[in-house]
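Residue numbers (my numbering): -14 to 476.
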């Protein structure tokens, strides 16, 4: 370091400033893309009312009104209802039938294999075929209940519960995503505001300097080229101010969109976000409690539940059955046509009670194949869970490293700002004394506006990285409580 010249140190400082600026701009661009790409607004406000929100209020508002959050809650309700649906399999079954027909009685001796096309006929076989027809009727009630299922229905209920748990975990993940997007959008608005203020101050300084240069030029104390260069620098400052204001409007629109208030003029409260950067951090949360990990773990359990259902599928089916039924016919037992309305209503009834057992022997092959598929899906979800934990660990470490870097930057930007202010004052004084060129003044003013921007953004970057650490842990509440304590003057 001792071998560096003053110009080398200056160039190195400029490179650091440019690197910090580019990093912030990339972060701000990503945040804006995330915020602008969110769904349509929820709550439309008439007119152009103004609303002032703190960061905590903005997060609470978005979690209550953002459509994706409400949709995830409805999916949880639907999955919860699915548990009750699965439990209905424990209930007995009762089926009723009523039938009235007009038909011939040309019965025949012989076998017909089971099918659903040809209607069966009961009664004697007539000697000849005839088109004579009569009324027929039937009514009945079949009560059926499965007393033993070898755990199949319980497995179906467990699978429904696993689906509900997965939906609930995904709802928590949606809430986290919306909260993180809201925090980033809010901080982006603050960053845009500070950029506008720095650009306004720069424009004012350059305007004052431009007038001073014109006085010197008019008195032939400076060359006319200095006035042209000062005009160009002022015009560039105004362009930068216009762009900064444009970016501020875009960031406000993005925040209003994610809050569902597109027609409302939003104002954000700086609070302690632009004060001295905090030294501490919120209490850490285990990564296994991150909604990303919990949602993936719920998918693993759901896949395991599907395997368990198939394990309970290849068993006999026992049915306790009771039937009451009656039939009516327009033919007598000998096959004689009775005529009139005979057969329109049942005239003979029966009842029956029994136990039926069915066992689909060859279903074993299909069940084995389905179980192999379900087991493979379970292993895949387990691998995704391991990957999720690995990714979360990497994200947490990156967030911690970014936080440390942001704090280091925030510790140095005040010195950068003080030095830039001193430099600008001294160079301007040297110019007025004829010891510096206008280019030197322009460079000093550019360095000052960059230092002002860096100082404000460095403080916001600390809070943004604190939020990133909390997001990687899966819970923004400790971060919001930490911010609240700082705002209230806590330790």
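From the three backbone atoms N, C-alpha and C, an ideal C-beta is built for every residue, glycine too.
Range covered by the alpha helix (DSSP H) that runs through residue i
i, result
"residue 446", "423 to 458"
"residue 174", "137 to 203"
"residue 226", "209 to 244"
"residue 40", "40 to 50"
"residue 292", "276 to 296"
Residue(s) in a DSSP beta bridge with residue i
i, result
"residue 126", "81, 309"
"residue 343", "302"
"residue 121", "86, 314"
"residue 35", "250"
"residue 333", "312"
"residue 133", "For residue 133, which the question treats as bridged, DSSP gives no partner whatsoever."
"residue 467", "For residue 467, which the question treats as bridged, DSSP gives no partner whatsoever."
"residue 338", "307"
Assigned exposure category for residue i - 16 Cβ within 10 Å defines buried
i, result
"residue 23", "With a pLDDT of 36 at residue 23, under the threshold of 50, the predicted position of this residue should be treated as unreliable, and no value is reported."
"residue 372", "exposed"
"residue 467", "buried"
"residue 148", "buried"
"residue 464", "buried"
"residue 515", "Given that the chain is displayed from residue -14 to residue 476, the structure contains no residue 515 and the question cannot be resolved."
"residue 381", "buried"
"residue 284", "buried"
"residue 431", "buried"
"residue 116", "exposed"
"residue 482", "Residue coverage of the chain in this structure runs from -14 to 476, which leaves residue 482 outside it and unanswerable."
"residue 137", "buried"
"residue 141", "buried"
"residue 161", "buried"
"residue 269", "exposed"
"residue 416", "buried"
"residue 243", "buried"
"residue 332", "exposed"
"residue 26", "Annotation note: pLDDT 38 at residue 26 (below 50); position unreliable, coordinate value reported separately. The residue in question, residue 26, is buried, as its Cβ has 16 or more Cβ neighbours within 10 Å."
"residue 457", "buried"
"residue 121", "buried"
"residue 396", "exposed"
"residue 41", "buried"
"residue 459", "buried"
"residue 377", "buried"
"residue 87", "exposed"
"residue 379", "exposed"
"residue 84", "exposed"
"residue 263", "buried"
"residue 173", "buried"
"residue 448", "buried"
"residue 153", "buried"
"residue -13", "At residue -13, the pLDDT of 35 sits below 50, so the modelled position is not reliable; the number obtained from the coordinates is stated separately. The residue in question, residue -13, is exposed, as its Cβ has fewer than 16 Cβ neighbours within 10 Å."
"residue 542", "The requested residue 542 does not occur in the structure, where the chain is confined to residues -14 to 476."
7 Å CB neighbourhood of residue i in its chain, flanking five on each side removed
i, result
"residue 299", "348, 349, 352"
"residue 317", "323"
"residue 146", "68"
"residue 118", "87, 88, 89"
"residue 209", "202"
"residue 469", "41"
Host beta strand (DSSP E) of residue i (start-end)
i, result
"residue 381", "First-last for residue 381: 348 to 417, but that is the alpha helix (DSSP H), not the beta strand (DSSP E)."
"residue 255", "Taken as a continuous stretch (DSSP letters only), residue 255 belongs to no beta strand (DSSP E), as it is neither H nor E."
8 Å CB neighbourhood of residue i in its chain, flanking five on each side removed
i, result
"residue 261", "444"
"residue 504", "The chain is shown only over -14 to 476; residue 504 falls outside these bounds and no answer can be derived."
"residue 259", "175, 179, 441, 444, 445"
"residue 200", "none"
"residue 384", "450, 453, 454, 456, 457"
"residue 58", "156"
Cutoff 6 Å; reference residue i; Cβ partners in own chain excluding five residues on either side
i, result
"residue 78", "129"
"residue 461", "164, 455"
"residue 422", "none"
"residue 157", "276"
"residue 187", "222, 434"
"residue 255", "none"
"residue 229", "180, 181, 184"
**Asked** Could you give the uninterrupted runs of the alpha helix (DSSP H) lying entirely in the region 66 to 111, keeping only those of 4 residues or more?
**Response** Listed in chain order, nothing qualifies, since the region 66 to 111 has no complete alpha helix (DSSP H) run of 4 or more residues.
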